[in-house]
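Colleague: Residue numbers (the working numbering), protein chains in the order written: chain W, 1 to 324; chain E, 325 to 648; chain D, 649 to 972; chain X, 973 to 1296.
4 protein chains.
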Amino acid sequence: MAGAPGSPGSQGAAPGWTPELLAELDGYAASLANWGRWGTGDQLGTLNLLTPERRVAAAGLVRSGTCVALGRRIGGAPQPDDPLPPVQLMKASGEAAAARGGSHASDWLGLAPHGFAVTHVDAFSHQFLDAAMYNGRAAGMVTTSRGAGAGSVEALAAGIVGRGVLLDLPAAQRRPWLEPGEHVHPADLDAAASELGTEVRPGDILLVRTGRDARAARHGRADPITAGSPGLAADCLPWLRRHDIAVLGSDAASDQMAPGGAPHPMPVHAGALVLLGLPLLDNAWLEDLAAACAAQGRREFLAVICPLRVRRATGSAVNPVAVL
Amino acid sequence: MAGAPGSPGSQGAAPGWTPELLAELDGYAASLANWGRWGTGDQLGTLNLLTPERRVAAAGLVRSGTCVALGRRIGGAPQPDDPLPPVQLMKASGEAAAARGGSHASDWLGLAPHGFAVTHVDAFSHQFLDAAMYNGRAAGMVTTSRGAGAGSVEALAAGIVGRGVLLDLPAAQRRPWLEPGEHVHPADLDAAASELGTEVRPGDILLVRTGRDARAARHGRADPITAGSPGLAADCLPWLRRHDIAVLGSDAASDQMAPGGAPHPMPVHAGALVLLGLPLLDNAWLEDLAAACAAQGRREFLAVICPLRVRRATGSAVNPVAVL
Amino acid sequence: MAGAPGSPGSQGAAPGWTPELLAELDGYAASLANWGRWGTGDQLGTLNLLTPERRVAAAGLVRSGTCVALGRRIGGAPQPDDPLPPVQLMKASGEAAAARGGSHASDWLGLAPHGFAVTHVDAFSHQFLDAAMYNGRAAGMVTTSRGAGAGSVEALAAGIVGRGVLLDLPAAQRRPWLEPGEHVHPADLDAAASELGTEVRPGDILLVRTGRDARAARHGRADPITAGSPGLAADCLPWLRRHDIAVLGSDAASDQMAPGGAPHPMPVHAGALVLLGLPLLDNAWLEDLAAACAAQGRREFLAVICPLRVRRATGSAVNPVAVL
Amino acid sequence: MAGAPGSPGSQGAAPGWTPELLAELDGYAASLANWGRWGTGDQLGTLNLLTPERRVAAAGLVRSGTCVALGRRIGGAPQPDDPLPPVQLMKASGEAAAARGGSHASDWLGLAPHGFAVTHVDAFSHQFLDAAMYNGRAAGMVTTSRGAGAGSVEALAAGIVGRGVLLDLPAAQRRPWLEPGEHVHPADLDAAASELGTEVRPGDILLVRTGRDARAARHGRADPITAGSPGLAADCLPWLRRHDIAVLGSDAASDQMAPGGAPHPMPVHAGALVLLGLPLLDNAWLEDLAAACAAQGRREFLAVICPLRVRRATGSAVNPVAVL
């Protein structure tokens, strides 16, 4: 098996980590880590839980044929949560075609997938703990000049297809949204599942709605770095492991972020990506899914996430779909 | 209903179109056009054929749970078919994290989705005929400074989910690949379906394999502009309309391209995108799918294509999946 | 000779132009235009006035050897006058070199030269009047797919070297800065020259300081689109022609912009670039030059502007120097 | 004073360095290093030699007023020496302006300044030796996420103005060009100065022509990595120090590169940038300058190099000028 993960605090922690948080994650390290669970060379992590049988079963969840996109819109003017928006430029335009009898238009897009305004998948090369990524590969394999020499999003390219389940926390708690900076604890997840009449199963693609976008629709978009963001607390990590979640998604950044500015520790990122080998879907657009689920009285569906096959990349912008 | 499409040649044709080709497309214009079929404001085109019922039926095609990615790899050094490869740069690297106790790596990606080396969806704003796009919208709405004011790929973002069917032409014809510049005619499509024991149905996501990548594996990658590419001839357009295909994909560029350099007329692009309102999936990676289909003795499957929700964009890089 | 410029309003004006402003520019068109003055094929415009003799004389202005940079800093976080700052990314970093024994670092820079936060030269392809640029070339030669087929900044690449003269308007008017939206008229220019004890001569590289950056140092940077900007009024165009200015620079955008948001007519851009063939230097950094001129009691110096030789480009970021 | 540079080989050398080359550079380290010569906080290096007096004298070299650009063209299709050419895209085009009455065109440019096809200045943050840059600053200050925390090209932005001198090696040796891989030794430099009737003086901006572009005009452009490039040998470093050169430029990459592919040691880069604090001008366009010098029978001139003031950057594309 792969070597066991070291103590998270052993090498000098990233900014913002308190001794208590480090101790907490340290306590999980031995019990949670999936290192070696699927072989020392494994690059799929919990995607191994998306077995063919579970995919077949997930396809059976399609009943109404309703299809909902889970990616947020890309592009537009700078926003508080998107201070450096994508570069969108045209290579050929329709006005030129109209003027000269040409036949096509095309464009060019440059973007940083890991931004707060981009729905994206985090590959294992995105996150390190004690200079290691999932399954003990060295952080130093992710270089500036050559990119992700291990843990590339390419490894996740085929087949994030499975049972999706939506835990709509505001709906379960009968309020419009969770407040920035609020922690979500395991009891909150269990209560939501119970209240919404669903259950979480091994191999699930779990989507946790905090209502971030409902709040933005009312109060405007905010910078999660300074305004904070609701999200899972570190004590959800054993819960994720116990339920053998395959993918964790959220309409925010998975991790709770306190208001007041950086640095923000990211224990759920560290624990999920590094220890559990569990890919994350950050900043998903869950408003349409929440409405569809409410309308149909269901919380489970076929979920499909298709990261681009980008060589040596730490993640990919995505537009997943849920089919109910 | 929307105005009928004009004569393709009336305004001055794009380079490379012969009078015969223009006359042929002109002959199709009246009979083929789907303008107004789903309302004058429609932006979905043949995606309207992907009905909920058909999605439910397509989900029922998942039997083995095998999942195959249909997007080709993005990135790497310049290639004959990719002379201007994507810009891939890092925003934070693992070697820095290792040196300073940091916790994450991230990257930046700039690319032109419509390149020959990128698997991508063409939105309706990508293609014009007589200065119009699907449903009669003016080409001039696609501007350099503001992008696709109509026909954006955003409109296609939710729900390209349906029955996929692979017409593996080389397999049906018992040869390793089609030669660059070869035309594919309706009889070839029918013969392949028959030979492979499958059928093409309304609302299908039709994937036509030419063996481009099998040839590249033997002879190296080639520039389709100069070396040519196999693809559908214009006379396939009535066939596409008659079968009510929802999406047409190929491992090449859909249109046949003769060797010898530009300009290349693109009658299938023009006819499909503009007249039929039929989105195209260009340059798909079909090698793994062909192998999986052959192994399982099936040619139909659940197909899911998830274009990014890019504002005012003419298309999107994608990594579709087939689930067998 | 080249055809005379048409009436500015004849083809449908750009947004923001009042009938009065159009009439004013129309009145100048016949008398001001330098079209044909240096031949119908000329691409240098008033840079023809930078004769070898004048360059030799300008070199003679170097007395103290003091050298001052006139380009503002590029990069950093978004600012009101720079909402879409340059993309700055590393291709190789020093931390990697330190970790692995490597030897170099390098970077990548993407930017739009014509932004308000970038000191740049406007080439003739940047500006049109009645669909024409300087010397009657068609605006349509500047295409999205191939760039500036005429009027490229390449033509200006060799030799913007001459006598620089600074008209420091706030200094002449004994106030800290001009207010946003203030018009500068010919009398203001003449009074400043007189007050500062200098004169403007044919072939000069004229730099007009409005104090924009002194104001920003006190009140913060502002978006010229909404907050307005001081600058030359259209009635300065005959003055520029009469004095045979070779290059006009400013610490703002040359044209006055009224507060309140776009659209902003740009009569000085149109008149200078199109009619006069006079290249502009926008958003120069003049604070250090103003201080050096004040300290040395001089307003003239050797000025050198070096646009990058970018193929088919409408302008270039620059960092000019003044040598006193 | 700053600490003396360590032994070049002490920390593990970059690829391609032979023990002999390391020993040679090691031998120079103590005697050559300018660390501390202008103070421990100095960021100008040998630009300190460009004194006001020398600038005044250099301005006196302008006699004919002839002005020559020294930057090569940027942009166009991929080339052997430019496999990843700049990204050039339009933000607004003239055809749009023509169609809609608009008034301007503008563009966007993305480039890696340190490429072989870009005339550029290397800042001190570009090069390390034993994890240090000029004046002993740590290589680790140049980070992926924040750029050049020391040694930025910004420090060089004001005033690379001085006496330029061209050592046209092929002209002095009466042959069309130096061959790829040829070494240039101190005796070659001295012989060229003597043959051409000029001399090299302290504070000079020294431009060494190898004839790279004359060869390319005949035989086509070549990739210096594989085809090799002529350039200075490491034994020129003491010569550069003895002559107190302020800036070293070349039409190639300064360092000799042997044919046959990477890795290439860069002892002149390491010695000049790190030990001497001597900025380099790589890949200058010297063909026009060579012709002008030959025509006027002179080899000295006023040289002006204006790097863009890019924050935290390792270098800048430039288009220097020579005024004769």
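All C-beta atoms, glycine included, are put in the ideal place defined by N, C-alpha and C.
Report the residue from X:L1261, X:R1184, X:L1204 whose alpha carbon sits nearest the alpha carbon of X:N1255.
Modeller: Nearest C-alpha to X:N1255: X:R1184.
Colleague: Decide yes or no for the touch test of the segment 403 to 412 of chain E against the segment 438 to 457 of chain E: beta carbon pairs closer than 8 Å, at least 3 of them.
Modeller: Touching, yes.
Colleague: With the cut-off set at 8 Å, would you say D:P913 and D:L718 are in Cβ contact?
Modeller: No, Cβ-Cβ distance for D:P913 and D:L718 is not below 8 Å.
Colleague: Roughly how many whole angstroms lie between the Cα atoms of W:V165 and W:S250?
Modeller: When rounded, the distance between both Cα atoms is 11 Å.
Colleague: Cutting at 6 Å between CB atoms, please list the residues of its own chain near W:Q43, excluding the five before and the five after it.
Modeller: Correct list, in chain order: A155.
Colleague: Identify every residue that forms a DSSP beta bridge with W:F301.
Modeller: Partner(s): W:G164.
Colleague: Pull up the distance between the alpha-carbon of X:M1229 and that of X:H1241, whole angstroms please.
Modeller: C-alpha separation (whole angstroms): 12 Å.
Colleague: What does DSSP give as the partner residues of X:M1062 in its beta bridges?
Modeller: In DSSP, X:M1062 forms a bridge with W:M90, X:D1079.
Colleague: I'd like to know if E:S417 contacts chain D, where contact means its C-beta is closer than 8 Å to some C-beta of that chain.
Modeller: Yes, E:S417 counts as interfacial toward chain D.
Colleague: Report the partner residues of D:H831 according to the DSSP bridge assignment.
Modeller: D:G879.
Colleague: Between D:H762 and the ligand NAD, is the CB less than 7 Å from at least one heavy atom?
Modeller: Absent from the structure shown: the ligand NAD. Ligands present: none.
Colleague: Quick one: is W:R312 buried, meaning 16 or more other Cβ sit within 10 Å of its Cβ, or exposed?
Modeller: The residue is buried, with at least 16 neighbouring Cβ atoms inside 10 Å.
Colleague: Does D:S842 pass the burial test, meaning 16 or more other C-beta atoms within 10 Å, or should it be called exposed?
Modeller: Exposed, by the Cβ-count rule.
Colleague: Determine the direct distance from the alpha carbon of W:A317 to that of W:G136, and round the result to whole angstroms.
Modeller: W:G136 and W:A317: Cα-Cα distance of roughly 25 Å.
Colleague: Secondary structure at W:D82, three-state DSSP: helix, strand or coil?
Modeller: Here W:D82 sits in strand by DSSP.
Colleague: Between D:C715 and E:A482, what straight-line distance do the alpha-carbon atoms span, to the nearest angstrom?
Modeller: Going from the Cα of D:C715 to the Cα of E:A482 covers about 59 Å.
Colleague: Bridge partners for E:M581 per DSSP, in chain order?
Modeller: Answer is E:S553, bridged to E:M581.
Colleague: Mark D:R823 as exposed unless 16 or more other C-beta atoms lie within 10 angstroms of its C-beta, in which case mark it buried.
Modeller: So D:R823 counts as exposed.
Colleague: Leaving aside the five residues before and after W:V161 along the sequence, list all residues of the same chain whose C-beta is less than 6 Å from its C-beta, in chain order.
Modeller: Only R55, V304 meet the Cβ criterion.
Colleague: I want to verify the contact list: residues of chain D whose CB lies under 7 Å from the CB of X:E1025, in sequence order.
Modeller: G713, listed in chain order.
Colleague: Using the beta-carbon of each residue, which ones in chain E are nearer than 9 Å to X:L1056?
Modeller: Residues of chain E passing the Cβ test: A401, P402, L408, P409, V411.
Colleague: Measure the C-alpha to C-alpha separation of X:S982 and X:L1101 and round it to an integer number of angstroms.
Modeller: Unreliable placement is indicated for X:S982, whose pLDDT of 46 sits below 50; the coordinate value is still reported in the next sentence. One C-alpha to the other measures close to 10 Å.
Colleague: Looking at the structure shown, is E:L604 part of a helix, part of a strand, or coil, going by DSSP?
Modeller: E:L604 falls in the strand class under three-state DSSP.
Colleague: Near W:A246, what residues of its chain come up, given a Cβ to Cβ distance below 7 Å and the 5 sequence neighbours on each side ignored?
Modeller: Counting only Cβ-Cβ distances below 7 Å, and skipping sequence neighbours, we find T46, L47, L49, L50, G162, G203, D204, I205.
Colleague: Taking the C-alpha atoms as reference points, what is the distance between E:G595 and E:A447?
Modeller: If you take the alpha carbons of E:G595 and E:A447, they lie about 13 Å apart.
Colleague: Any beta carbon from chain E within less than 8 Å of D:A747's own beta carbon?
Modeller: For D:A747, the answer is yes, since a Cβ of chain E falls inside 8 Å of its Cβ.
Colleague: Counting Cβ pairs, one atom from each stretch, are 3 or more of them under 8 Å apart for the segment 91 to 108 of chain W and the segment 462 to 480 of chain E?
Modeller: Counting Cβ pairs under 8 Å, three or more are found: they touch.
Colleague: For E:G464, go through chain X and note every residue whose CB falls closer than 7 Å to its CB, in chain order.
Modeller: Those are A1071, listed as they occur along chain X.
Colleague: Where does D:A970 land, buried or exposed, given buried means 16+ other C-beta within 10 angstroms?
Modeller: D:A970 is buried by the Cβ-count criterion.
Colleague: X:L1280: which of D:W933, D:G945, D:A942 sits nearest, CA to CA?
Modeller: If we check each option's Cα against that of X:L1280, D:W933 comes out closest.
Colleague: Among X:L1274, X:G1287, X:L1204, X:T1286, whose alpha-carbon lies nearest the alpha-carbon of D:A706?
Modeller: The candidate whose alpha carbon is nearest that of D:A706 is X:L1274.
Colleague: What three-state label does DSSP hand D:A940 in the structure shown?
Modeller: Three-state result, D:A940: helix.
Colleague: In chain E, which residues lie with their C-beta within 7 Å of the C-beta of W:G45?
Modeller: Within 7 Å Cβ-Cβ: nothing; W:G45 doesn't reach chain E, min ~16 Å.
Colleague: So, does the CB of E:T534 fall closer than 8 Å to a CB anywhere in chain D?
Modeller: No, E:T534 lies away from the interface with chain D (no Cβ there is under 8 Å from its Cβ).
Colleague: Can you give the Cα-Cα distance for D:A875 and D:P911, rounded to whole angstroms?
Modeller: Their Cα atoms are separated by approximately 13 Å.
Colleague: If you draw a straight line from the alpha carbon of E:A326 to that of E:P591, how long is it in whole angstroms?
Modeller: Any reading at E:A326 is ruled out, since the residue's pLDDT is 43, under 50, leaving its predicted position unreliable.
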